[in-house]
Structure formats: structure tokens, C-alpha cells
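Undergrad: Take a look at the following structure, please.
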Amino acid sequence: MNADTKKRATMRIKRIAGQVAGVQRMLDDDRYCVDVLTQIAAIRSALDALGVELISAHLETCVAGHGTGSEHRCAKPMSQEQLLAEVRAVLARFLK
Numbered sequence: 000m001n002a003d004t005k006k007r008a009t010m011r012i013k014r015i016a017g018q019v020a021g022v023q024r025m026l027d028d029d030r031y032c033v034d035v036l037t038q039i040a041a042i043r044s045a046l047d048a049l050g051v052e053l054i055s056a057h058l059e060t061c062v063a064g065h066g067t068g069s070e071h072r073c074a075k076p077m078s079q080e081q082l083l084a085e086v087r088a089v090l091a092r093f094l095k
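Here it is, written out as C-alpha cells:
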């Protein structure tokens, strides 16, 4: 993941953490259930957007750039079949 992607992801996750803390405050304040559920839906949407951004970055750098030196430093050497299997597994987990 490049520095720009990491910065955007970090900013997003901090916003999401704030939203989760807000839900906790709503529960502590005994807020109306529908309002709490609306905030939970917003958190799920924000997590999905973060996931899409990270998957896109992975596809651009680690998959399309496989073998070019642009992969993440922790990426394992893989054959094309292994790489595709990894992408399928990640997508299957993400889309559940």
C-alpha cells in the first residue's frame, strides 16, 4: 500500500472509530433504537468503502504489479494461480 492510500485508510478508520464511539454514547444515553440502527448502517457503509479502497489498492499494487517490485514488502512470492486463489479468498470473505 502506498503512502497516500495508507493516509486515506487511516483517516477513514479514525472516522469509523469515532462513529462506533458515538453509537456507544447513544446506547449510554438510551437513544431511540432507530437512530442507533441508522448509525450502525452508516458504520457498515463506511467499513465497506474502506474495504473497497483496500481491495483496489491490493489489486493495483500486489496483483497487477506482481513481480515488478511494486508489491507490499510483506507479500509472499506466489505463482499466478496462488495469487488468484488469494484474491478469490479475500473477495469471498469481504463479500459475506
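In this text, residue positions in the sequence shown follow numbering that gives the first Met the number 0: the first is 0, and each later residue adds one.
Each residue gets a CB set at the ideal place from its N, CA and C atoms; glycine is no exception.
Do you know whose CA, among ARG72, SER44, VAL89, ALA84, lies nearest ARG14's CA?
TA: The candidate whose alpha carbon is nearest that of ARG14 is SER44.
Undergrad: Does the region 40-58 come within contact of the region 4-14, defined as at least 3 CB pairs closer than 8 Å?
TA: As far as the Cβ criterion goes, the region 40-58 touches the region 4-14, which means the pair count is three or higher.
Undergrad: Only counting the same chain, and skipping five residues up and downstream in sequence, which positions put a Cβ closer than 8 Å to that of LEU90?
TA: Answer for LEU90: ILE54, listed in chain order.
Undergrad: Drop a sphere of 10 angstroms on the beta-carbon of HIS57, count the other beta-carbons inside from all chains shown, and report buried for 16 or more, exposed for fewer.
TA: Under this definition HIS57 is a buried residue.
Undergrad: Going by beta-carbon coordinates alone, are VAL33 and MET25 separated by less than 7 Å?
TA: Not closer than 7 Å, so no.
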